[in-house]
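Enquirer:
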Amino acid sequence: MNASLRRNGFAWLLLLPSLLFLLLFTFYPIALTLRLSLFQADLSTPEPVFTGLANYRTMFQDEVFRKVMTNNVLFALGTVPLGIALALLMAVFANKALRGRGFMRSAFFYPTLIPMIAVANIWLFIYTPEYGFMSRLLSWFGVNDINWLGTPGLVMWAMILMIIWKEAGFFMIFYLAGLQNISKELYEAAHVDGVGRFTVFRKITFPLLMPTTLFVSIVALTNAYKLVDHLMIMTRGGPNNSSNLLLYYIYETAFSYWDQGMASALTAVMIAVLLLIAAVQFFGLDRRIHYN
Amino acid sequence: MKTKFTSRLGNILMLALAAFWLIPLLWMTVTAFRPRHAALSGLFSLDFTLGNFATVWSAAPFATYYLNTILIVVCVFAVQMLTASMAAFAFARIAFAGSSIVFLLFLVQIMIPADVLIFPNYNVLKQLSLLDTKLGIMLPFLASAFGIFLLRQVFKTIPAELEEAALIEGCSQWQVLWKIYFPLARPTYVAFALVSISYQWNNFLWPLIITNSVENRPLTVGLSIFAQSFEIGVQWTEVSAATLLVITPLLLIFLVFQRQFIESFMHSGIK
């Protein structure tokens with residue numbers, strides 16, 4: 008009895024510091040958000056007034072909010088499948104390339120290390136009309152100057168391209184790790200049987216990498232909602248909210264308009280979205296995948 | 030014969046893609062070393078200068094920004110290492126009441142990271158009167174659920190016999206943690222260090238929100254303020270030089286440790 012008590016006490020003592028920070032900066036803020044989202048708390052109300060679900064009602068009628076949510080879905084649809092496909096391709100080649108393997112890995116991976124804010128500066132220059140790299144490249148092909156970041160129909164594509172450049176190398180690493188875990192005998196057997204390269208990929212490599220694909224897609228999907236630093240430098244959500252995303256909208260609502268109730272309601276939606284993504288992983292997709 | 034040809038072709042195409050991936054970095058590096066008129070003219074010339082770096086260094090307090098970032102990165106990682114090792118040891122090796130529930134609680138931090146809770150965390154920091162302090166920048170990151178899960182995986186693979194032997198020799202459990210588990214998990218600590226350091230070095234939104242004085246600003250916030258102090262499109266050479274100043278340390282570390290970096294990532298169980 009005494010030993011078990013000591014063991015329990017020691018375990019909780021070890022956990023104490025981590026738990027303290029977890030409670031203070033994850034659970035307490037979540038509770039704070041849910042509570043404040045039920046209040047009207049903005050510049051015109053010095054003392055918050057309880058208004059129930061009014062913030063949520065206003066939010067769902069707000070055109071900007073709807074646009075932001077649509078943008079975020081588009082952004083995810085644009086970055087996740089393409090980023091993952093490219094990462095897989097990179098990994099397969101960077102895994103067995105005879106020449107330039109280290110070069111390939113470094114070239115694909117380095118954007119991961121660069122702060123998003125620096126990436127934004129670089130790509131802002133690349134997308135600049137007239138002087139930017141894009142404009143110069145396209146002018147060789149006789150295409151007229153395009154204002155990538157100033158055109159509502161193009162700005163999202165410009166962002167998607169940039170994010171794929173930034174993220175694909177990161178996902179490549181996980182695929183490289185996954186490829187290491189596939190037994191060599193499988194490939195040798197396929198080789199002896201004279202199976203073609205593409206069939207080997209389709210029947211062996213791809214199915215056995217499914218757990219990695221699932222993991223990477225969850226990370227990519229979560230990132231699609233988390234990445235916003237670039238918007239501060241490049242577009243501020245514009246033009247006309249065509250590049251605005253949920254987290255940036257939260258930032259604007261909280262720190263530019265000081266509408267604290269609405270910012271809390273938006274944060275609550277964000278939490279719900281992230282929990283939904285996690286739930287899909289735990290309860291849905293995970294069962295359909297066979298692990299080796 | 031045909032497969033050999035297609036595989037070589039694929040390899041060449043991927044090398045070309047890798048080269049393409051380098052264009053943004055090369056473009057910016059070249060721009061940073063060129064006088065303004067040469068950078069904007071579009072024609073290649075042999076005009077190179079270090080003037081942009083001199084301008085940048087004197088125009089904004091980058092030395093202070095550097096010190097702040099280094100201080101934040103080092104402190105956060107040091108504390109994370111301590112808190113995460115302790116918690117991971119508890120989860121991996123001690124059968125205690127409530128372990129699965131607490132484990133689930135930590136999972137929430139992975140699902141809902143601090144980046145998302147910017148507004149409520151700002152309020153928490155205000156209640157603690159820690160706005161515009163370096164401690165405030167660090168606080169939300171001092172416990173890392175990611176680190177706990179990572180280290181727990183590794184601690185579990187360390188044979189229990191080692192621990193039993195040490196206990197028989199008269200070591201306390203605390204000594205076992207620091208003398209056996211800590212050194213044996215070194216490769217994982219390297220991987221965790223790289224993740225933690227690059228995350229803190231690059232973190233932007235949170236420090237932007239809570240700092241408003243030069244003494245507390247990290248590099249990323251300093252860079253964004255510097256870049257936005259110009260009319261768009263006018264001072265690309267200076268902005269490129271400043272950007273290069275911010276990203277070079279991490280890129281150098283990466284180039285030097287490239288092999289270990291990618292291998293430790295691949296074998297650390299982050300998957």
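As they're listed, the protein sequences go chains A and B. Under our numbering, the first residue of the first sequence carries the number 8, and numbering increases by one thereafter. Under our numbering, the first residue of the second sequence carries the number 30, and numbering increases by one thereafter. Just so it is clear, CB atoms sit at the ideal spot from N, CA and C, and this is done for glycine as well.
In whole angstroms, what is the alpha-carbon distance linking A:ASN239 and A:ILE129?
Expert: If you number the first sequence from 1, residue 239 of chain A lands on position 232. If you number the first sequence from 1, residue 129 of chain A lands on position 122. Rather than Asn, the amino acid found at residue 239 of chain A in this sequence is Met. Going by the C-alpha atoms only, they are around 14 Å apart.
Enquirer: In chain order, which continuous runs of the alpha helix (DSSP H) of length 4 or greater are located wholly inside the segment 63-115 of chain B?
Expert: Counting only runs of 4 or more, we get 65-70, 80-88.
Enquirer: Considering only residues of the same chain and omitting the five flanking positions on each side of B:PHE82, which have a CB-CB separation below 6 Å?
Expert: One-based indexing of the second sequence puts residue 82 of chain B at position 53. Closer than 6 Å at the Cβ level, and outside the excluded window around B:PHE82, lie ALA270.
Enquirer: Kindly provide the ranges of any alpha helix (DSSP H) runs that are 4 or more residues long and lie completely inside the segment 150-201 of chain A, ordered along the chain.
Expert: As far as the segment 150-201 of chain A is concerned, its whole alpha helix (DSSP H) runs of at least 4 residues are 159-187, 191-199.
Enquirer: State yes or no: is the beta carbon of A:ALA270 nearer than 7 Å to at least one beta carbon in chain B?
Expert: By 1-based counting over the first sequence, the position of residue 270 of chain A is 263. Interface residue, yes.
Enquirer: Looking only at its chain, what residues have a beta carbon closer than 6 Å to the beta carbon of B:ALA116, apart from the 5 residues adjacent to it on each side?
Expert: Here residue 116 of chain B refers to the residue found at position 87 of the second sequence. Taken in chain order, the residues that qualify are ILE177.
Enquirer: With distances taken from CA atoms, which of A:GLY149, A:LEU43, A:LEU30 is nearest B:ALA174?
Expert: Locating residue 174 of chain B in the second sequence gives position 145, counting from the first residue. Ranking the options by Cα distance to B:ALA174, first place goes to A:LEU30.
Enquirer: Residues bridged to A:VAL2 by DSSP?
Expert: What is shown of chain A runs 8 to 299, which leaves residue 2 of chain A out entirely.
Enquirer: Specify the secondary structure class of A:PHE262 as computed by DSSP and reduced to three states.
Expert: The residue given as residue 262 of chain A occupies position 255 in the first sequence. Three-state DSSP puts A:PHE262 in a helix.
Enquirer: Go ahead and pull the three-state DSSP assignment for A:GLU137.
Expert: Against the first sequence, residue 137 of chain A aligns to sequence position 130. A:GLU137 falls in the coil class under three-state DSSP.
Enquirer: Anything in chain B within Cβ reach of A:PHE290, meaning under 8 Å, just list it in chain order.
Expert: Along the first sequence, one-based indexing puts residue 290 of chain A at 283. Chain B residues near A:PHE290: none, gap ~13 Å exceeds 8 Å.
Enquirer: Quick one, which residues of the segment 233-266 of chain A are near chain B if we go by CB-CB under 8 Å, in chain order?
Expert: Listed by position along the chain: LYS233, VAL235, ASP236, MET239, ILE240, LEU254, ILE257, TYR258, ALA261, PHE262.
Enquirer: In or out: A:PHE289 buried (at least 16 other Cβ within 10 Å) or exposed?
Expert: Working through the first sequence from its first residue, we reach residue 289 of chain A at position 282. It counts as exposed.
Enquirer: Using a Cβ-Cβ cutoff of 9 Å, what residues of the segment 238-259 of chain B are near chain A? List them in chain order.
Expert: The residues in question are ILE238, LEU248, THR249, VAL250, LEU252, SER253, ALA256, GLN257.
Enquirer: By DSSP, does B:GLN289 sit in helix, in strand, or in coil?
Expert: Reading the second sequence from its first residue, position 260 is the one you call residue 289 of chain B. Here B:GLN289 sits in helix by DSSP.
Enquirer: Report yes if the CB atom of B:LEU146 is closer than 7 Å to the CB atom of B:LEU154, and no otherwise.
Expert: Residue numbering aside, residue 146 of chain B sits at position 117 when the second sequence is read from its first letter. Residue numbering aside, residue 154 of chain B sits at position 125 when the second sequence is read from its first letter. No.
Enquirer: Helix or strand or just coil, what does DSSP make of A:TYR298?
Expert: Indexing the first sequence from 1 puts residue 298 of chain A at position 291. Because the pLDDT at A:TYR298 is just 48, under 50, the model does not fix this residue reliably, and the value given afterwards should be weighed accordingly. Here A:TYR298 sits in coil by DSSP.
Enquirer: What residues from chain B crowd round A:ASN151, counting only those whose CB sits closer than 8 Å?
Expert: Within the first sequence, the letter at position 144 stands for residue 151 of chain A. Those do not exist, as A:ASN151 stays about 16 Å from chain B at its closest Cβ, beyond 8 Å.
Enquirer: Give the interface partners of B:THR272 over in chain A, defined as CB-CB distance under 8 Å, in chain order.
Expert: Along the second sequence, read from residue 1 onward, the residue named residue 272 of chain B stands at position 243. Going along chain A in sequence order, the residues near B:THR272 (Cβ under 8 Å) are ALA125, ASN128, ILE129.
Enquirer: So, does the CB of B:VAL275 fall closer than 7 Å to a CB anywhere in chain A?
Expert: Walking along the second sequence from the start, residue 275 of chain B turns up at place 246. Judged by the 7 Å Cβ criterion, B:VAL275 is in contact with chain A.
Enquirer: May I ask you to report which of helix, strand or coil DSSP gives B:ASP161?
Expert: On the second sequence, position 132 is the one that residue 161 of chain B refers to. Of the three classes helix, strand and coil, the one that applies to B:ASP161 here is coil, per DSSP.
Enquirer: If you measure beta-carbon to beta-carbon, which residues of the segment 99-122 of chain A are closer than 8 Å to chain B?
Expert: Answer set for the segment 99-122 of chain A: PHE100, ALA101, ALA104, LEU105, ARG106, GLY107, GLY109, PHE110, MET111, ARG112, SER113, ALA114, PHE115, PHE116, TYR117, PRO118, THR119, LEU120, ILE121, PRO122.
Enquirer: Report the neighbours of A:PHE40 on chain B: residues whose CB is nearer than 8 Å to its CB, in chain order.
Expert: To locate residue 40 of chain A, count along the first sequence from 1; it is residue 33. Here the sequence assigns Thr to residue 40 of chain A, which means Phe is not the residue at that position. Within 8 Å Cβ-Cβ: LEU146, PHE148, PRO149.
Enquirer: Please confirm if A:SER190 has its CB atom under 7 Å from at least one CB of chain B.
Expert: Residue mapping note: residue 190 of chain A aligns to position 183 of the first sequence, counting from 1. It does not: the Cβ of A:SER190 has no partner Cβ on chain B nearer than 7 Å.
Enquirer: Using the C-alpha atoms, what's the distance from B:VAL285 back to A:LYS173?
Expert: Counting from one through the first sequence, the residue named residue 173 of chain A turns up at place 166. Counting from one through the second sequence, the residue named residue 285 of chain B turns up at place 256. Using only the alpha carbons, I get a separation of about 21 Å.
Enquirer: Closer than 6 Å by C-beta to B:PHE233: which residues in its own chain qualify, once you throw out the five before and the five after it? Chain order, please.
Expert: The residue labelled residue 233 of chain B in the question sits at position 204 within the second sequence. Once the five neighbours on either side are set aside, the close Cβ partners of B:PHE233 are THR249.
Enquirer: Look at the alpha carbon of B:PHE118 and the alpha carbon of B:ALA67, and state the distance between them as a whole number of angstroms.
Expert: Within the second sequence, numbered from 1, the residue matching residue 118 of chain B stands at position 89. Within the second sequence, numbered from 1, the residue matching residue 67 of chain B stands at position 38. Cα-Cα distance, rounded: 58 Å.
Enquirer: Measure the Cβ-Cβ separation of A:PHE28 and B:LEU171 and say whether it is below 7 Å.
Expert: Translated into positions along the first sequence, residue 28 of chain A becomes position 21. Translated into positions along the second sequence, residue 171 of chain B becomes position 142. Yes, these two residues count as a Cβ contact at 7 Å.
Enquirer: Reducing DSSP to helix, strand and coil, say where B:PHE125 ends up.
Expert: Here residue 125 of chain B refers to the residue found at position 96 of the second sequence. Coil at B:PHE125, not helix or strand.
Enquirer: Would DSSP call B:GLU198 helix, strand or coil?
Expert: For this step, residue 198 of chain B is matched to residue 169 along the second sequence. If DSSP states are grouped into helix, strand and coil, B:GLU198 belongs with coil.
Enquirer: How about A:PHE115 and A:GLY176: do their beta carbons lie closer than 7 Å?
Expert: Residue mapping note: residue 115 of chain A aligns to position 108 of the first sequence, counting from 1. Residue mapping note: residue 176 of chain A aligns to position 169 of the first sequence, counting from 1. Taking 7 Å as the Cβ cut-off, A:PHE115 and A:GLY176 qualify as a contacting pair.
Enquirer: Drop a sphere of 10 angstroms on the beta-carbon of A:GLY16, count the other beta-carbons inside from all chains shown, and report buried for 16 or more, exposed for fewer.
Expert: As a working mapping, residue 16 of chain A is identified with position 9 in the first sequence. Answer is exposed; the Cβ neighbour count stays below 16.
Enquirer: Report buried or exposed for A:ASP152, applying the criterion of at least 16 other Cβ atoms within 10 angstroms of its Cβ.
Expert: Against the first sequence, residue 152 of chain A aligns to sequence position 145. Burial call: exposed.
Enquirer: Under 7 Å, do A:ASN62 and A:ALA272 count as touching if we go by C-beta distance?
Expert: Within the first sequence, residue 62 of chain A is the residue found at index 55, counting from 1. Within the first sequence, residue 272 of chain A is the residue found at index 265, counting from 1. Yes, Cβ-Cβ distance for A:ASN62 and A:ALA272 is below 7 Å.
Enquirer: Against chain B, which members of the segment 159-190 of chain A pass a CB distance test of less than 8 Å?
Expert: So the list reads TRP172, GLY176, ILE180, PHE181, LEU183, ALA184, GLY185, GLN187, given in the order they occur along the chain.
Enquirer: Can you tell me whether B:TRP207 is buried or exposed, with buried defined as 16 or more other CB within 10 angstroms of its CB?
Expert: Here the question's residue 207 of chain B lines up with position 178 in the second sequence. When all chains shown are included, B:TRP207 counts as exposed.
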